[in-house]
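K.L.:
Mind looking over this structure? Questions follow.
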Amino acid sequence: MKEDFIKKQEEEAQMLNSNHENAQVDFDKRFAEEIGKLVEWQGKLAKEAEKEHTQQREALEAEIRILRSDKNANETENVAKVKVLELHKIMYADAAVRKLEKQKQWYDMKIGKLNEEFDKDIKMKDFEQERTRMLNDLEQLEQNEERMQNMKQKYKNDAQKLQAEKDHKYVKEKLKEMQLLLKNMEQTDPKQNAMHLIEYENQCQILQQIQKKRNQEKFPHFWNLNEEPDLCKVIIHIVMPGESTIGSAEKAKIKISGHGILENHALVENDGKDVYIQPLADNIQILVNGKVVSGKQKLQDNDRIYFGPNHLYVLNKPQDGKMNSKQILITYKTAWTEITSNTNFIQNTKIINNLNGV
3 MKEDFIKKQE EEAQMLNSNH ENAQVDFDKR FAEEIGKLVE WQGKLAKEAE KEHTQQREAL
63 EAEIRILRSD KNANETENVA KVKVLELHKI MYADAAVRKL EKQKQWYDMK IGKLNEEFDK
123 DIKMKDFEQE RTRMLNDLEQ LEQNEERMQN MKQKYKNDAQ KLQAEKDHKY VKEKLKEMQL
183 LLKNMEQTDP KQNAMHLIEY ENQCQILQQI QKKRNQEKFP HFWNLNEEPD LCKVIIHIVM
243 PGESTIGSAE KAKIKISGHG ILENHALVEN DGKDVYIQPL ADNIQILVNG KVVSGKQKLQ
303 DNDRIYFGPN HLYVLNKPQD GKMNSKQILI TYKTAWTEIT SNTNFIQNTK IINNLNGV
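Here the sequence shown stands for residues 3 to 360, numbered as in this note's numbering.
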């Protein structure tokens, strides 16, 4: 792993050096072209300035010679004119120098812009290179995370399978013990039968807990929410395949009781893939995620279901939970906040009465 990392770093460094060299070559080429154009242009301007200056100088010198050779002219006046003409020669020379200085300033400004463009190109290429590397690293991390999640799910499935096999073996052993207890009860006296009966009931409870746990892992189920966190998930109602009545009736498959709960309160359906719920009367108020259920409604994993003032549950669908790696934190407080934030719920006097326990 260390050698691969070092090799990867060397390749990245070599690639960056190559990019810098290519950028330098491009800049040198562009720079040479611009310099050639500037030198050609400057030479042209210098020749024009020199030609213009030569013509003016020759014209002034000709005038000076004429004035100096004119014997009839006033000597003082000729001297003044000569000085003026010589001054003009100096002014023309200074103008030519200033023109060349302006050309040099423009030339320096052009060079500065070229350097800025070069630095900008280099920084942009470095930025793109770094961004590409970071994206590749991020993609690699996501792939590693996905592999870890798959491995974690595989280990979890294997652990559940081993636990199921262990539970199955344990159940078979307990069944044998219970059969032996029943046989002993038939052969022993009534005093010993009481002790055997207590042990038999304990074994039945253990088997029921094992079966309930296996059903939770296999079938959708409701678990309760409570103000006390330790009392959450204490009550579990398994939603077996088919239709199940929820209510206070003795024949209800999912039995709940208390204020606001009717004998036939709701109907929940498990078709093997999806779970549906619907109230069994118009005056029954059932909320899913804080919204009133008006008919048959499909439920999703982690939906919050309000059946009555003392019955707030969460639906757990094991198969959906396995496919969804994101865990949602659901508490009694967040569920009630969701309910009380529903304006229709607050305005409904029947629900308000239920909340107040009236």
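Ideal Cβ positions, reconstructed from N, Cα and C, are used throughout, including at glycine.
One question on the structure: do G249 and H267 come within less than 8 Å of each other, judged by their Cβ atoms?
P.N.:
Position 247 of the sequence shown, counted from the first residue, corresponds to residue 249. Position 265 of the sequence shown, counted from the first residue, corresponds to residue 267. It is a contact, given that the beta carbons lie within the stated cut-off.
K.L.:
For Q155, which residues in the same chain have their Cβ closer than 6 Å to its Cβ, ignoring the five residues on either side in sequence?
P.N.:
Against the sequence shown, residue 155 aligns to sequence position 153. Taken in chain order, the list of residues that qualify is empty.
K.L.:
What span of residues does the alpha helix (DSSP H) with E340 cover, start to end?
P.N.:
Within the sequence shown, the letter at position 338 stands for residue 340. First-last of the alpha helix (DSSP H) with E340: 334 to 342.
K.L.:
Where does L269 fall in DSSP's three states?
P.N.:
The count along the sequence shown starts at 1 and reaches residue 269 at position 267. The answer is strand: DSSP assigns L269 an E or B state.
K.L.:
Under three-state DSSP, which class holds P231?
P.N.:
On the sequence shown, position 229 is the one that residue 231 refers to. If DSSP states are grouped into helix, strand and coil, P231 belongs with the helices.
K.L.:
Which first and last residues belong to the beta strand (DSSP E) in which H223 is found?
P.N.:
Taking the first residue of the sequence shown as 1, we reach residue 223 at position 221. Run containing H223: 223 to 226, per the beta strand (DSSP E) assignment.
K.L.:
Which partner residues does V277 have in the DSSP bridge list?
P.N.:
Reading the sequence shown from its first residue, position 275 is the one you call residue 277. In the DSSP output, where bridge partners are listed per residue, V277 has N272, L301.
K.L.:
Check this for me: beta carbons of P222 and V277, under 8 Å apart or not?
P.N.:
Position 220 of the sequence shown, counted from the start, is the residue given in the question as residue 222. Position 275 of the sequence shown, counted from the start, is the residue given in the question as residue 277. Yes, the Cβ-Cβ distance between P222 and V277 is below 8 Å.
K.L.:
To the nearest whole angstrom, what separates the beta carbons of P311 and H239, a pair I think is in contact under 8 Å?
P.N.:
Locating residue 311 in the sequence shown gives position 309, where the first residue counts as 1. Locating residue 239 in the sequence shown gives position 237, where the first residue counts as 1. The pair is not a contact, with the Cβ atoms about 17 Å apart (cut-off 8 Å).
K.L.:
Roughly how many angstroms lie between the CA atoms of E144 and Q151, to the nearest whole one?
P.N.:
For the purposes of this step, residue 144 is taken as residue 142 along the sequence shown, with counting starting at 1. For the purposes of this step, residue 151 is taken as residue 149 along the sequence shown, with counting starting at 1. So the alpha carbons of these two residues sit roughly 10 Å apart.
K.L.:
Here's the rule I'm using: 16 or more other beta-carbon atoms within 10 Å means buried, otherwise exposed. How should A64 be labelled?
P.N.:
As a working mapping, residue 64 is identified with position 62 in the sequence shown. By the neighbour-count rule (16 or more Cβ atoms within 10 Å), A64 is not buried but exposed.
K.L.:
When DSSP builds the beta bridges, which residues end up paired with I240?
P.N.:
Along the sequence shown, one-based indexing puts residue 240 at 238. Paired residue(s): H223.
K.L.:
Under three-state DSSP, which class holds I140?
P.N.:
Translated into positions along the sequence shown, residue 140 becomes position 138. It should be pointed out that residue 140 corresponds to Leu in this sequence rather than to Ile. Note: L140 maps to helix in three-state DSSP.
K.L.:
Nearest to L227 by alpha carbon, out of L137, D139, I307?
P.N.:
Stepping through the sequence shown from its first residue, residue 227 is reached at position 225. Cα-wise, what sits closest to L227 is I307.
K.L.:
Express the C-alpha separation of Q142 and M136 in angstroms, rounding to a whole number.
P.N.:
As a working note, residue 136 is residue 134 in the sequence shown. As a working note, residue 142 is residue 140 in the sequence shown. Each residue's alpha carbon lies about 10 Å from the other.
K.L.:
Among residues of its own chain, excluding the 5 on either side of G244, which ones have a beta-carbon nearer than 8 Å to its beta-carbon?
P.N.:
Reading the sequence shown from its first residue, position 242 is the one you call residue 244. Excluding sequence neighbours, G244 sits near E271, N272.
K.L.:
Would you list the residues sitting across from E147 in a DSSP beta bridge?
P.N.:
Counting from 1 along the sequence shown, the entry for residue 147 is found at position 145. Per DSSP, none; premise fails for E147.
K.L.:
What is the C-beta distance between Q287 and Q299, in whole angstroms, given that I count them as a contact (C-beta under 8 Å)?
P.N.:
Working through the sequence shown from its first residue, we reach residue 287 at position 285. Working through the sequence shown from its first residue, we reach residue 299 at position 297. About 13 Å; that fails the 8 Å criterion.
K.L.:
Identify whether N318 lies in helix, strand or coil by the three-state DSSP scheme.
P.N.:
To locate residue 318, count along the sequence shown from 1; it is residue 316. The answer is strand: DSSP assigns N318 an E or B state.
K.L.:
In this structure, how does DSSP classify E245 when only helix, strand and coil are distinguished?
P.N.:
As a working note, residue 245 is residue 243 in the sequence shown. Strand.
K.L.:
Would you identify the three-state DSSP class for K46, choosing helix, strand or coil?
P.N.:
Taking the first residue of the sequence shown as 1, we reach residue 46 at position 44. Three-state DSSP puts K46 in a helix.
K.L.:
Just tell me which of D305, I263, M111 has its CA closest to the CA of I330.
P.N.:
The residue labelled residue 330 in the question sits at position 328 within the sequence shown. Taking only the C-alpha atoms, the option nearest I330 is D305.
K.L.:
Does the Cβ-Cβ distance between L282 and V290 come in under 8 Å?
P.N.:
The sequence position of residue 282 within the sequence shown is 280, counting from 1. The sequence position of residue 290 within the sequence shown is 288, counting from 1. In this structure, V290 does not lie closer than 8 Å to L282 by Cβ.
K.L.:
Count the other CB atoms within 10 Å of the CB of L233; is the residue buried (16 or more) or exposed (fewer)?
P.N.:
Counted from its first residue, the sequence shown places residue 233 at position 231. Classification for L233: exposed.
K.L.:
Which word fits K253, buried or exposed, when buried means at least 16 other C-beta atoms lie within 10 angstroms of its C-beta?
P.N.:
For the purposes of this step, residue 253 is taken as residue 251 along the sequence shown, with counting starting at 1. Classification for K253: exposed.
K.L.:
Pull up the distance between the alpha-carbon of K255 and that of Q321, whole angstroms please.
P.N.:
Counting from 1 along the sequence shown, the entry for residue 255 is found at position 253. Counting from 1 along the sequence shown, the entry for residue 321 is found at position 319. In a straight line, the C-alpha of K255 is about 22 Å away from that of Q321.
K.L.:
Quick one: grab the DSSP three-state call for K104.
P.N.:
Sequence index remark: in the sequence shown, residue 104 carries index 102 (1-based). Of the three classes helix, strand and coil, the one that applies to K104 here is helix, per DSSP.
K.L.:
Since V316 and I332 should fall inside the 8 Å C-beta cutoff, what is the C-beta to C-beta distance between them, to a whole number of angstroms?
P.N.:
As a working note, residue 316 is residue 314 in the sequence shown. As a working note, residue 332 is residue 330 in the sequence shown. Right, the Cβ-Cβ distance comes to about 6 Å (below 8 Å), so this counts as a contact.
K.L.:
Going by the DSSP bridge assignment, what does I307 pair with across the sheet?
P.N.:
Residue mapping note: residue 307 aligns to position 305 of the sequence shown, counting from 1. Beta-bridge pairing links I307 to V290, Y315.
K.L.:
Using only CA atoms, which one of H313, E118, V241 lies nearest to L264?
P.N.:
As a first step, residue 264 is located in the sequence shown; it is residue number 262 there, counting from the start. Cα-wise, what sits closest to L264 is H313.
K.L.:
Could you say which of G274, R149, I258, P231 lies nearest to F224 if we only look at CA atoms?
P.N.:
As a first step, residue 224 is located in the sequence shown; it is residue number 222 there, counting from the start. For the residues G274, R149, I258, P231, the minimum Cα distance to F224 belongs to I258.
K.L.:
What is the DSSP secondary structure of N358, reduced to helix, strand or coil?
P.N.:
Residue mapping note: residue 358 aligns to position 356 of the sequence shown, counting from 1. Low confidence applies to N358: its pLDDT is 41, below 50, so where it sits in the model is not reliable enough to give any reading.
K.L.:
Identify whether K257 lies in helix, strand or coil by the three-state DSSP scheme.
P.N.:
Here residue 257 refers to the residue found at position 255 when the sequence shown is read from its first residue. Reduced to three states, the DSSP call for K257 is strand.
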